[in-house]
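Working notes, beginning with the structure itself.
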Amino acid sequence: MAELPDITSPREIMKLFRHYGLQPLRHLGQNFLIDANVVRKIVAAAEVGPGDSVIEVGPGAGALTVTIARSGANLVVLEIDRGLVRLLGDLLQPWPTVRILEQDVLKSDWKELITTFKHGAPIKLVSNLPYNISGPFMYNLFEEGFPFNGAVLMFQKEVAHRLVATPGDSDYGALSVISRYYTEGKILFAVSKNVFWPRPKVGSAVLKLQPRFRILNTEEEPLFWKLVQGVFQQRRKTIQNSMLRVFALPRPLLNGLLDEASIDPSSRPEELSVEQFAKLTRITYNNFNKLS
Ligand code: SAM
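Take 57 as the starting number for the sequence shown in the working numbering and just add one per residue.
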C-alpha cells in the first residue's frame, strides 16, 4: 500500500473493500466510522499518547486505529474478521509496533493479553463496539475485574445509558449495578447514525469508564454477582421474594439479612443502589459463613 488512504472517506473505504473483496458483515456488527471529527473526538477522549499501552477491540478498517497508532501508543488490536485482518496488516505497515491479533474478543484471555504489555503498565481500552456483543463483552470485562486504567467505548445509545443508569431509571438493571460496582461511567457525547457506513438503525453514544474502588473483597464478589443477576431476573418482584428464589433460605432468616442491611423487604431490585447491593452481599456472605 503506497499511500495511506483516508479511511474515514466513504469513497476510499468502499474502494479498499473492493480491493480486498470484502463486504460489511451485519452479523459482526460492522458499521464503520466515516467521520474524521468523531474519530478525533473519541481518540482525544481516550487521552492516548507516546508509550501508552492501548487495546482496541474491533478495529475494522482502521479508522480509530490509525489515529491511535499516530499518537505513538503501544497498540494491540483484536479483530475477528480475517479479511479485515489482512487489510489492517497492509494499512498499518508504517507502524510495525502495532500488533494485530485475529481473535474473537468474547474468547480473549485478558490476563494473558495484559501480560504482553510492559509489566504493570496502565492499559487503556478503546472501541467502537460491535453492537451485537456489547452486553456479554462488558460482562466479561467486569468478571475480569475491569483490568484497565480507563476505557472509551462507543455503544448503541441504549446500552450506554444502561451502563450508567441509576436506581429508578427505566433501564436500570443487573448490567447497571455491575458496571457501577467496577467503574465510574460518564456519557461523553451522542453520535448520529449518519457517520457510519453502512448506516445503522440505532443511534450511538460514547462512554468513558474509569475503574473505581471495589467495595467488596474478592471472596465476596461471586455472591454479589449471584445476588444481582438473580434478583433482576424478576425485577418486578419484591427483593424479599426474588432473594427467596435465588438463595432458597428460610423467610425469617432472609428478612433478618434485609433488616440488617436496612433494606425494606417490599422494595424492588430496581430501587436499590450498588452500595445497598454490596452491603446486602457482605451481610449475606457473613451469615452464610456462620451457617456453614
Ligand atoms: N473500529 C471500526 C470503526 O470504528 O470504523 C469498526 C467498528 S465495527 C462497529 C465493529 C468491529 O468489530 C468490526 O470490525 C467487526 O468485524 C469486529 N468484531 C465483531 N465481533 C467481534 C468479535 N467477537 N471479536 C473481535 N472483533 C469483532
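For each residue, glycine too, the CB sits at the ideal point set by N, CA and C.
Residue i CB to nearest heavy atom of ligand 3 below 7 Å
i    : result
L134 : Ligand 3 is absent from the structure shown, which contains only ligand 1.
Per-residue burial, residue i [other beta carbons within 10 Å of its own, 16 or more giving buried]
i    : result
G259 : exposed
K264 : buried
E277 : buried
E59  : exposed
F333 : buried
F252 : buried
K180 : buried
N184 : buried
L162 : exposed
A246 : exposed
Y76  : exposed
A261 : buried
G206 : buried
N130 : buried
L96  : Looking at the sequence itself, residue 96 is Arg, so the reference to Leu does not match. R96 is exposed by the Cβ-count criterion.
N87  : buried
E331 : exposed
P152 : exposed
E103 : exposed
Continuous alpha helix (DSSP H) stretch holding residue i: start and end
i    : result
K213 : K213 to V220
S226 : Where S226 is concerned, there is no enclosing alpha helix (DSSP H), given that its DSSP letter is neither H nor E.
N87  : Counting along the chain, N87 falls outside any alpha helix (DSSP H), and DSSP gives it neither H nor E.
I363 : A query on residue 363 cannot be resolved here, the shown segment of the chain reaching from 57 to 348 and no further.
Y187 : No alpha helix (DSSP H) holds Y187; DSSP gives it neither H nor E.
V122 : A119 to R126
R142 : R138 to L147
S298 : I295 to F303
Start and end residues, beta strand (DSSP E) containing residue i
i    : result
I156 : R155 to E158
F245 : T239 to V247
N311 : Note, N311: premise wrong, no beta strand (DSSP E); alpha helix (DSSP H) at R307 to E316.
L131 : N130 to E135
V182 : I179 to N184
Where residue i sits in the DSSP three-state scheme
i    : result
Q266 : strand
E59  : coil
F252 : strand
I319 : coil
G77  : coil
V110 : strand
V233 : helix
N345 : helix
A261 : strand
A353 : The structure shown does not extend to residue 353, since the chain is modelled only from 57 to 348, so the question has no answer here.
N273 : coil
F202 : coil
E103 : coil
A334 : helix
K174 : coil
A328 : The residue you asked about is not Ala; residue 328 is Leu in the sequence shown. Three-state result, L328: coil.
W151 : coil
P115 : coil
T64  : coil
R291 : coil
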